[in-house]
Amino acid sequence: MVTLAGACRAAGFECHIYDAMTKGVGMAEVEQQIRALQPDVVAVSMITSTTPDALEVLRSTRRLCPAAVTVAGGIHATFMYDEILAHEFVDYVVIGEGEKTLVELLLSLPDGDQEAVCGLALRDGDGAVKLTPPRPLLTSLDNMPMAWDLLDWQDYTYFIIPGSRLGAVAFSRGCTYSCRFCSQHKFWGGWRARSPEDLLAEITRLYEEFQVNVILFTDDYPTPERQRWERLLDLLIEADLPVYLLMETRAADIIRDADILAKYRRAGFIHIYIGSEAASQERLDLFAKEQSCSQAEEAMELCRRHDIITETSVIIGLPADTRESIQGIIRYTRKLNPDFAHFLTISPWPYADMYPELKPFISSHDYRRYNLVDPVLKPRNMSLKDVDEIIIQAYREFYMAKFTEIMTMSDFKRRYMLTAIMRIMNNSFLRRKMGDMTGAMPESMRAALAQL
9 MVTLAGACRA AGFECHIYDA MTKGVGMAEV EQQIRALQPD VVAVSMITST
59 TPDALEVLRS TRRLCPAAVT VAGGIHATFM YDEILAHEFV DYVVIGEGEK
109 TLVELLLSLP DGDQEAVCGL ALRDGDGAVK LTPPRPLLTS LDNMPMAWDL
159 LDWQDYTYFI IPGSRLGAVA FSRGCTYSCR FCSQHKFWGG WRARSPEDLL
209 AEITRLYEEF QVNVILFTDD YPTPERQRWE RLLDLLIEAD LPVYLLMETR
259 AADIIRDADI LAKYRRAGFI HIYIGSEAAS QERLDLFAKE QSCSQAEEAM
309 ELCRRHDIIT ETSVIIGLPA DTRESIQGII RYTRKLNPDF AHFLTISPWP
359 YADMYPELKP FISSHDYRRY NLVDPVLKPR NMSLKDVDEI IIQAYREFYM
409 AKFTEIMTMS DFKRRYMLTA IMRIMNNSFL RRKMGDMTGA MPESMRAALA
459 QL
């Protein structure tokens with residue numbers, strides 16, 4: 009949102025951002041914004057699970073502002089543009105990276121030729137869906153105008169750190185790997201990165217102008233180039249900004265950087281997500297993960313030595329899964345012992361490489377359920393209820409085993425974990441699925457939670 013609005017504003021257009029998901033509002037509030045602004049163009053981004061709501065926004069736009077142009081973008085719209093343009097209230101789909109395409113589309117609207125804009129899906133004069141020539145990828149990600157001032161900053165808090173303000177940055181786009189359950193490498197193309205100096209300038213601006221003190225790196229994979237990455241760490245250490253940093257990377261890169269993990273911590277990285285995804289090499293190979301279980305174990309241990317919060321996920325509910333095989337995944341995850349674990353159901357993205365082999369097992373085509381939480385794939389020897397029940401069991405077993413360990417952690421890590429656990433218990437889908445676990449807590453932990 010921030011980069012797209014920044015690019016459009018730099019081209020002379022008045023822009024507004026309304027982050028309905030972060031605000032947690034419904035269609036009534038979104039429609040109120042549309043009525044108040046009376047926009048000329050409404051653009052929405054969609055991942056698969058948000059597609060129904062994003063389409064509803066564009067449907068409402070057509071009803072409330074019939075003359076407004078409607079635009080869809082994001083990963084789902086990019087690969088499923090035929091499906092999206094089947095809705096008469098959607099005018100254009102931006103394919104892939106959107107900064108230049110959206111600007112050129114806006115410039116063309118008064119009296120130009122939209123078919124001359126690269127990177128679009130649209131309807132031709134006969135109503136047939138047509139793709140314009142592909143948009144070349146940006147050759148540089150530096151010096152992009154960021155419309156940070158358009159956000160309602162009071163909406164952005166990192167709930168684990170009270171009183172914080174959360175911002176999100178990207179050091180890079182794309183990924184050098186091609187995991188078969190994922191599609192980011194298809195959407196972004198080859199891996200490209202900003203200069204460390206450019207990213208530091210953005211982080212500094214976020215802190216100084218908007219009082220952001222927690223920053224999430226949204227990169228799928230920020231660390232493939234060690235020299236570039238270590239330069240960023242050194243710049244962050246030199247700047248010594250009082251900010252906490254959160255990131256995702258691969259186990260192999262943590263192992264590669266074992267000798268500089270102290271720099272990660274000094275630079276501000278307190279929380280690292282490492283996707284382990286599976287409990288066996290056979291499953292990892294099925295995913296084309298190009299990683300071993302032993303690498304995940306070693307990376308977790310290295311992060312623990314440097315007092316870095318660890319987080320991981322494993323994928324369950326594939327066609328061959330059984331209760332017994334998923335029990336093995338639960339045991340492996342407890343052995344891996346991250347601070348946070350997510351037991352994710354496989355979501356059959358219709359544009360992922362695994363989709364053809366998953367398609368026969370799909371039980372629901374309601375995209376809202378393609379959220380990694382609700383099971384939509386029925387294994388050969390399990391019901392959807394079975395899958396849901398074992399997910400509940402997995403979370404209960406993992407976090408109940410964490411209760412005693414948390415009280416032995418460093419002061420910072422213990423408080424971080426306690427705050428997160430309290431939030432999980434009170435405010436998330438896990439509360440609905442797992443029920444009240446307070447009775448399983450050590451008395452010392454219940455007392456510590458009461459003091460937060």
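The sequence shown begins at 9 in the working numbering and counts up one residue at a time.
The beta-carbon is built from N, C-alpha and C at its ideal position, and this holds for glycine as well.
Bear in mind the structure is a predicted one, so any value in this text is a computation, not a measurement.
Contacts around residue i, its chain only, beta-carbon distance under 8 Å, and the 5 residues preceding and following it disregarded
{"i": "Leu174", "result": "Tyr164, Thr165, Tyr166, Val220, Val222, Ile223, Leu224"}
{"i": "Thr353", "result": "Ile323, Ile324, Gly325, Leu380, Val381, Asp382, Pro383, Val384, Leu385, Val395, Ile399"}
{"i": "Tyr26", "result": "Val38, Gln41"}
{"i": "Val101", "result": "Val79, Ala80, Gly81, Ala85, Thr86, Tyr89, Ile92, Leu93, Leu128, Ala129, Leu130"}
{"i": "Leu45", "result": "His24"}
Separation of residue j from residue i, as counted between CA atoms
{"i": "Ala259", "j": "Ser53", "result": "30 Å"}
{"i": "Thr78", "j": "Ala328", "result": "42 Å"}
{"i": "Leu214", "j": "Trp161", "result": "11 Å"}
{"i": "Ala13", "j": "Asp157", "result": "10 Å"}
{"i": "Asp248", "j": "Leu208", "result": "11 Å"}
{"i": "Met308", "j": "Val137", "result": "48 Å"}
{"i": "Met154", "j": "Thr416", "result": "42 Å"}
{"i": "Phe21", "j": "Asp206", "result": "25 Å"}
{"i": "Ser333", "j": "Phe369", "result": "18 Å"}
{"i": "Ser372", "j": "Phe348", "result": "29 Å"}
{"i": "Ile42", "j": "Met9", "result": "17 Å"}
{"i": "Glu285", "j": "Gly133", "result": "46 Å"}
{"i": "Thr140", "j": "Arg291", "result": "39 Å"}
{"i": "Trp237", "j": "Glu216", "result": "23 Å"}
{"i": "Phe97", "j": "Leu254", "result": "39 Å"}
{"i": "Gly74", "j": "Leu128", "result": "Residue identity differs from the one stated: residue 74 is Pro in this sequence, not Gly. Approximately 22 Å, taken between the alpha carbons."}
{"i": "Phe406", "j": "Ala428", "result": "14 Å"}
{"i": "Gly198", "j": "Val65", "result": "32 Å"}
{"i": "Leu297", "j": "Gln289", "result": "In the sequence under discussion, the amino acid at residue 297 is Lys, which differs from the Leu named in the question. Distance between the alpha carbons of Lys297 and Gln289: 9 Å."}
Reference residue i; option with closest CA among the options
{"i": "Leu392", "options": "Tyr359, Ile324, Gly336, Pro358", "result": "Ile324"}
{"i": "Ile55", "options": "Pro327, Ala178, Gly82", "result": "Gly82"}
{"i": "Arg313", "options": "Gln289, Leu244, Glu290, Pro346", "result": "Pro346"}
{"i": "Lys194", "options": "Pro204, Val50, Gly182, Ala201", "result": "Gly182"}
{"i": "Arg17", "options": "Met35, Leu139, Val38, Leu114", "result": "Leu114"}
{"i": "Lys31", "options": "Leu243, Leu159, Ala124", "result": "Leu159"}
{"i": "Arg431", "options": "Gly34, Ile169, Thr140", "result": "Ile169"}
{"i": "Asp374", "options": "Pro356, Pro387, Val49", "result": "Pro356"}
{"i": "Gly135", "options": "Ser116, Arg67, His95", "result": "His95"}
{"i": "Ser68", "options": "Val49, Met35, Phe420", "result": "Met35"}
{"i": "Pro144", "options": "Val125, Ser172, Leu72", "result": "Val125"}
{"i": "Arg188", "options": "Phe295, Phe179, Glu246, Lys108", "result": "Phe295"}
{"i": "Ile316", "options": "Ile338, Phe411, Tyr424, Leu149", "result": "Tyr424"}
Cβ shell of residue i (< 7 Å), same chain only, five flanking positions each side left out
{"i": "Ala409", "result": "Arg342"}
{"i": "Gly336", "result": "Ala287"}
{"i": "Phe351", "result": "Val322, Ile324, Ile399, Ala402, Tyr403"}
{"i": "Leu63", "result": "His95"}
{"i": "Ala266", "result": "Leu310"}
8 Å contact criterion, which residue i and residue j should meet: CB distance rounded
{"i": "Tyr359", "j": "Ser191", "result": "5 Å"}
{"i": "Pro146", "j": "Glu105", "result": "According to the sequence provided, residue 146 is Leu. The question's Pro does not apply to it. At roughly 6 Å, the Cβ-Cβ gap stays under 8 Å, so Leu146 and Glu105 are in contact."}
{"i": "Pro60", "j": "Arg376", "result": "6 Å"}
{"i": "Thr320", "j": "Ile263", "result": "Actually they are not in contact, since the Cβ atoms of Thr320 and Ile263 sit about 15 Å apart, beyond 8 Å."}
{"i": "Ala51", "j": "Leu110", "result": "7 Å"}
{"i": "Leu269", "j": "Leu310", "result": "6 Å"}
{"i": "Ile278", "j": "Thr257", "result": "Not confirmed; about 14 Å, so no contact."}
{"i": "Arg204", "j": "Arg234", "result": "First, the amino acid is wrong: residue 204 is Pro here, not Arg. Actually they do not touch by this definition, with Cβ atoms about 12 Å apart."}
{"i": "Ser57", "j": "Tyr378", "result": "5 Å"}
{"i": "Asn389", "j": "Thr330", "result": "5 Å"}
Residues bridged to residue i [DSSP beta-bridge criterion]
{"i": "Met255", "result": "Ile280"}
{"i": "Ile323", "result": "Leu352"}
{"i": "Glu285", "result": "Val322"}
Cβ neighbours of residue i in the same chain (closer than 6 Å, five flanking residues each side left out)
{"i": "Asp261", "result": "Thr231"}
{"i": "Ala176", "result": "Leu224, Thr226"}
{"i": "Leu241", "result": "Lys271, Ala275"}
{"i": "Ala28", "result": "Val38"}
{"i": "Ala178", "result": "Thr226, Asp227"}
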